[in-house]
Amino acid sequence: MSPHGFRKGAITHMLNLGKPKDVAFKRMNVGCEVLEAHYDRRNKAEQMGTRCRYLEDL
Numbered sequence: 394m395s396p397h398g399f400r401k402g403a404i405t406h407m408l409n410l411g412k413p414k415d416v417a418f419k420r421m422n423v424g425c426e427v428l429e430a431h432y433d434r435r436n437k438a439e440q441m442g443t444r445c446r447y448l449e450d451l
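First residue of the sequence shown? That's 394 in the numbering used here, and the numbers climb one at a time after it.
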């Protein structure tokens, strides 16, 4: 696996765990726009599920 693929998987994993995007992009040293365009591999349903779980925990 390339370092880029590992980084992409790590960012997606963080987001699937419900970590806010600002935490993920600061931790991985990438801009929010770049994170959304190139690193977040979740589909719309997965993104919705993550948001729902996050809101339930508030």
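Heads up, the beta-carbon is just placed ideally off N, CA and C, and yes, glycines get one too.
Per the C-alpha coordinates, the member of His406, Val423, Val427 and Gly424 positioned closest to Gln440 is His406. Looking at Val427, Glu449 and Tyr432, the one whose alpha-carbon comes closest to that of Gly398 is Tyr432. Around Val427, the same chain offers no residue with a beta carbon nearer than 7 Å, after the five sequence neighbours per side are excluded.
In the three-state scheme derived from DSSP, where H, G and I count as helix and E and B as strand, Val416 is classed as helix.
In the three-state reduction of the DSSP assignment, Gly442 falls in the helix class.
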